[in-house]
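Trainee:
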Amino acid sequence: MKRRIFLQRTAGAGLAAGAALMVGKPGELFASAPQSKPYDLVAVMGGTPEAMFDLGIQSLGGIGNFVTKGQKVVVKPNIGWDVTPEKGANTNPALVKRIVEHCIRAGANEVYVFDNTCDDWLKCYSSSGIEKAVKSAGGKMVPGNTESYYKEISIPEGKILKSAKVHELILDCEVIINVPVLKHHSSTKMSAALKNMMGAVWDRKYWHSNNLHQCIADYAMYSKKPVLNVIDCYNVMLKNGPRGVSVDDVVQMKAQILSADWVAADAAAAKMMNLNPEQIDYIPIAHKMGAGNMNLESLNINRIKM
Amino acid sequence: MQSSILKRIRVFLALVVFLFISSIFLDFRDLVPDKYYDSILFFQFIPSVLRFLDLSVMAASGFIIVIILTFITGRTYCSVLCPLGIYQDIVSRIGGRVRKKYRRFGFTRPFTIIRYGLLGITLVVTLSGGIYLISLLDPYSIFGRISTYFFKPAFLVLNNLLAGIVNKYDVYTIYKVQVKTITVLAYIIPSVFLFLVTVFSFRRGRLYCNTLCPVGTFLGLISKISLFRIKIEESSCSRCGRCALACKSSCIDFMNRSLDLSRCVSCFNCLSSCPDKAISFGLPLRKVAEKTVDSGKREFIAGTLLLLFGLSQTVRAKEVPVPKKASTVREEKTSPVCLPGATSIENFSSRCTACSLCVSACPKNVIQPSVLEYGLKGIMQPRMDYHKGFCNFECTICTEICPTGALMPLELEAKKLTQLGKAIFIKDNCIVHTEKTDCGACSEHCPTKAVQMIPYEGNLVIPEVTNDICIGCGACEYACPTTPFKAIFVNGNVQHVAAKKPQTEKAVLKTDDFPF
Chain A
10 MKRRIFLQRT
20 AGAGLAAGAA
30 LMVGKPGELF
40 ASAPQSKPYD
50 LVAVMGGTPE
60 AMFDLGIQSL
70 GGIGNFVTKG
80 QKVVVKPNIG
90 WDVTPEKGAN
100 TNPALVKRIV
110 EHCIRAGANE
120 VYVFDNTCDD
130 WLKCYSSSGI
140 EKAVKSAGGK
150 MVPGNTESYY
160 KEISIPEGKI
170 LKSAKVHELI
180 LDCEVIINVP
190 VLKHHSSTKM
200 SAALKNMMGA
210 VWDRKYWHSN
220 NLHQCIADYA
230 MYSKKPVLNV
240 IDCYNVMLKN
250 GPRGVSVDDV
260 VQMKAQILSA
270 DWVAADAAAA
280 KMMNLNPEQI
290 DYIPIAHKMG
300 AGNMNLESLN
310 INRIKM
Chain B
3 MQSSILKRIR
13 VFLALVVFLF
23 ISSIFLDFRD
33 LVPDKYYDSI
43 LFFQFIPSVL
53 RFLDLSVMAA
63 SGFIIVIILT
73 FITGRTYCSV
83 LCPLGIYQDI
93 VSRIGGRVRK
103 KYRRFGFTRP
113 FTIIRYGLLG
123 ITLVVTLSGG
133 IYLISLLDPY
143 SIFGRISTYF
153 FKPAFLVLNN
163 LLAGIVNKYD
173 VYTIYKVQVK
183 TITVLAYIIP
193 SVFLFLVTVF
203 SFRRGRLYCN
213 TLCPVGTFLG
223 LISKISLFRI
233 KIEESSCSRC
243 GRCALACKSS
253 CIDFMNRSLD
263 LSRCVSCFNC
273 LSSCPDKAIS
283 FGLPLRKVAE
293 KTVDSGKREF
303 IAGTLLLLFG
313 LSQTVRAKEV
323 PVPKKASTVR
333 EEKTSPVCLP
343 GATSIENFSS
353 RCTACSLCVS
363 ACPKNVIQPS
373 VLEYGLKGIM
383 QPRMDYHKGF
393 CNFECTICTE
403 ICPTGALMPL
413 ELEAKKLTQL
423 GKAIFIKDNC
433 IVHTEKTDCG
443 ACSEHCPTKA
453 VQMIPYEGNL
463 VIPEVTNDIC
473 IGCGACEYAC
483 PTTPFKAIFV
493 NGNVQHVAAK
503 KPQTEKAVLK
513 TDDFPF
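Taken in order, these protein sequences are the chains called A and B.
Every number in the numbering used here is 9 more than the matching position in the first sequence, counting from 1.
Every number in the numbering used here is 2 more than the matching position in the second sequence, counting from 1.
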């Protein structure tokens, strides 16, 4: 910024503030400005996935706080299974669509969506409704089906998982938005933000055979982290996860959790499922390693009911 | 020299057929809808016969039409409908271009003993209950195997090279695909046949079809008396021999102005080669040929047949029975896992010609050619290999496309309740037991939750299998990370059975306020 422009703008801002002071009480100046102490976590309940995201992201200062013009964005939902949206095994397509729309409105150059699926990837992309949703919002569905799309990275701070092969887009992009679905998980008890990144890496078997919980926490120490985690708690699978057997496994919670801190987001998500975050081993491990803060009491939380 | 109109029609139709049949084998993007597979493969002779024997329906009557067609126009099947024949014509054409000055063709004597011997043996062996010889020699199945195990991988490599380029420019309409190989031993048979047909056709045109192919030999018997045929007008023929050089079946004996109709594939290449316009395609000229019977030859053929029949029976007696004895290594499978829609291993192995169309069509790469899993006679017949992939719960494609009826169509809901085998848990191999850490990859992937995680030591959970709701899809076995032996595997059912539907109960949770 040139000095002249800086001076002009500062003067302008000073004038505006002065004018505001003259009109109203001094305190209102700060109240009307975006949240003085920003929220660590926003939880929304009672609306459609789209409406809850609109409110939630607004409360975090708008998508502009996370995505700026010309950036390459990766939106990483859970598209692991060849099942339809009401089964709650994949992220809600309406939510993914809305997030892509927000990113594009914020001026993102390109918005990419992918997952390393468990079932056949083409069937997953299509049955989940996510492919259609992303394309209609102007985003790009990217394959993650062969090892050649993955590149080796190192995680110096990891205890067991010291290196991994991540999707090349994770390396190429400027912004990652992690959009998991909250659900029961047979081995880790719960799957949400931290666990969702297993879909960004190639060799998951290594994680499974080398202390799964520690590996999940280790990955959270990788330097390229999501700037925002949006946990879809609209249709929540309470049992038989992560794939689910029938819609009977699902309750309609109609909620959403947004946070830049994925450990905090996962702790809140665990509570939504009536689980103690301490019992989901990877959450306390990630907390202790410094990947985030699981103590919800110490966080500034905005709870919105629609 | 302008080629005759008949030849041009033949070439055009053959290319269309070749394109369609190749496309279903190469189609890794599911661009050709499954419902067209039946029509595309309708005329394939052996699959159609097998299906007809099973179903006796008009939908499987392709081979009858082929026989009628052969009575009318000779071996048109070999020229226009057989993908292996068309492949050989393509190779032969290339051979002609490469070795321009070399006169490849010319009249040769037929390999009578070999061709009729092979036809006879194949018939006898097949009728006495073994499908293995006809599977090995059926030209469509040979083409299917060559396509699946050689052409498709090559095609995928090309696709991946292209995808690598366009993906750099942010275009993902072309994407990379994992090129997967099969067990080394399973390459032997398709390699041998690829070599045989390619070398034979490159050097000698239709030599393979007129020597080793039982379908060709069988249709040759009919084409001997076909209504329309290639004929040589003796009065105008100057014995220049150009037709003999043009004949890729080497069946024109220009010195005697005669033609071996049993080897003629009605390709019409000779029509335009004749400067005297003495060759034409039409109703036969009336001429009574003298025939001599070589009784020694006949006896020899009969003897050979008998000998080979005996041999084949001995092979059968020595076959590894299904289910085979429990082996002492690996996961102790007593029986291979047979594909959905097969109903039983016996039913499947008596109908499958190992054309490998299902191997090619399976999106999860779980269908793999067998080596000895079904015994020697089932070599190359596909099985479920859960080390390579697992059966996608929502998919029935293999059951819908089988041209021989070895796999019968299954409705999706029925397939989800068809138990191909049962999962068996080996606790001593399990990560949770050996490493004392959570894993649960098997249970994660299980679509019916026949594999569930139950409390183990401390906070740990360990798998438990409920057999009656297991459908044997192999998701657990595939996902299990232990090596070299899995901690959970599927043991095949000799006879597929109905699995129980998983019991479900509506989940409840009070969710009207934030719990934090």
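Positions of the beta carbon are idealized from the N, C-alpha and C atoms, including for glycine.
Note that the structure is predicted; figures quoted are calculated from it, not measured.
(1) Quick one: residues in its chain with C-beta nearer than 7 angstroms to the C-beta of A/K96, no 5 flanking neighbours on either side, listed in chain order?
(2) Does chain A have any CB closer than 8 angstroms to the CB of B/G476?
(3) Looking at the unbroken beta strand (DSSP E) that takes in B/V201, where does it start and where does it end?
(4) Strictly under 8 angstroms for the Cβ-Cβ distance: is B/E396 near chain A by that measure?
(5) Using the beta-carbon of each residue, which ones in chain A are nearer than 9 angstroms to B/V510?
(6) Just verifying my parser: in three-state terms, what is the DSSP assignment at B/S329?
(7) So with Cβ pairs under 8 angstroms, would you call A/V254 a contact of chain B?
(8) Output the distance between the C-alpha atoms of B/L229 and B/G76, rounded to the nearest integer angstrom.
(9) Is B/H389 close to chain A? Criterion is C-beta to C-beta, closer than 8 angstroms.
(10) Run down chain B in chain order and give the residues with a C-beta less than 8 angstroms from the C-beta of A/N283.
(11) Could you give the C-beta distance for A/D275 and A/I292, rounded to a whole number, given that I count them as a contact under 8 angstroms?
(12) Rounding to the nearest angstrom, what Cα-Cα distance links B/A501 and B/A416 in this structure?
(13) Can you look up B/F392 in the DSSP assignment and give me helix, strand or coil?
(14) Just the C-alpha distance for B/I92 and A/E59, rounded to the nearest angstrom, thanks.
(15) Who pairs with A/V51 in a beta bridge, going by DSSP?
(16) Between B/S264 and B/G207, how many whole angstroms is the CB-CB distance? I'm expecting something under 8 angstroms.
(17) Give me, in chain order, the residues of the same chain whose beta-carbon lies closer than 7 angstroms to that of B/V373; leave out the 5 immediate sequence neighbours on both sides.
(18) Where does A/G23 fall in DSSP's three states?
(19) Among B/S225, B/N169 and B/I116, which one has its Cα closest to the Cα of B/L71?
(20) Using a Cβ-Cβ cut-off of less than 8 angstroms, list which residues of the stretch 140-159 of chain A approach chain B; keep chain order.
(21) Comparing alpha-carbon positions, which option in B/Q421, B/E479, B/S362 and B/F152 lies nearest B/D470?
(22) Cβ atoms of B/S445 and A/S200: under 8 angstroms apart, would you say?
(23) With a threshold of 8 angstroms between beta-carbons, can A/E312 be considered close to chain B, or not?
(24) Compare the C-beta of B/N461 with all C-beta atoms of chain A and state if any pair is closer than 8 angstroms.
(25) Counting only beta-carbon separations shorter than 8 angstroms, does B/M382 have a partner in chain A?
(26) Identify the contact partners of B/K366 in chain A, using a Cβ-Cβ distance below 7 angstroms as the criterion.
(27) Just to make sure I have the definition right: I need the residues of chain A whose C-beta is within less than 8 angstroms of the C-beta of B/Q454. Which are they?
(28) Report buried or exposed for A/D129, applying the criterion of at least 16 other Cβ atoms within 10 angstroms of its Cβ.
(29) Beta-carbon of A/S68 versus every beta-carbon of chain B: anything under 8 angstroms?
(30) Between the stretch 103-130 of chain A and chain B, which residues of the former have CB atoms less than 8 angstroms from a CB of the latter, in chain order?
(31) Specify, as a first and last residue, the run of the alpha helix (DSSP H) that B/Q90 falls within.
(32) Within the same chain, show all residues whose beta-carbon is closer than 7 angstroms to that of A/N302, passing over the 5 residues directly before and after it, in chain order.
(33) Which residues in the same chain as B/I11 place their Cβ atom closer than 6 angstroms to its Cβ, once the five residues preceding and following it in sequence are excluded?
(34) Would you verify that the beta carbon of A/A60 is, or is not, closer than 8 angstroms to some beta carbon of chain B?
(35) For chain A, find out if any of its Cβ atoms is closer than 8 angstroms to the Cβ of B/P85; answer yes or no.
(36) Do the stretch 336-351 of chain B and the stretch 27-37 of chain B meet, that is, are 3 or more Cβ pairs less than 8 angstroms apart?
Mentor: In terms of the structure at hand:
(1) G253, V256 and V259
(2) no
(3) No beta strand (DSSP E) contains B/V201, which is instead part of the alpha helix (DSSP H) from I190 to R206.
(4) yes
(5) L247 and V260
(6) Residue confidence for B/S329 is low, a pLDDT of 27 falling below 50, so the modelled location carries little weight; the figure read from the coordinates is stated next. Coil, per DSSP.
(7) yes
(8) 8 angstroms
(9) no
(10) L511 and P517
(11) 5 angstroms
(12) 10 angstroms
(13) coil
(14) 58 angstroms
(15) A/L267 and A/N311
(16) With 8 angstroms as the limit, B/S264 and B/G207 do not qualify as a contact, their Cβ atoms being about 15 angstroms apart.
(17) T185, L187, A188 and I381
(18) Because A/G23 carries a pLDDT of 43, less than 50, the predicted location of this residue cannot be relied on, and no value is offered for it.
(19) B/S225
(20) K149, M150, V151, P152, N154, T155, E156, S157 and Y158
(21) B/Q421
(22) no
(23) Sequence inspection shows Arg at residue 312 of chain A; the Glu mentioned does not correspond to that position. It does: the Cβ of A/R312 has a partner Cβ on chain B nearer than 8 angstroms.
(24) yes
(25) no
(26) D129
(27) S195
(28) buried
(29) no
(30) E119, C127, D128 and D129
(31) P85 to V100
(32) D270, V272, A273, H296 and L308
(33) none
(34) no
(35) no
(36) no
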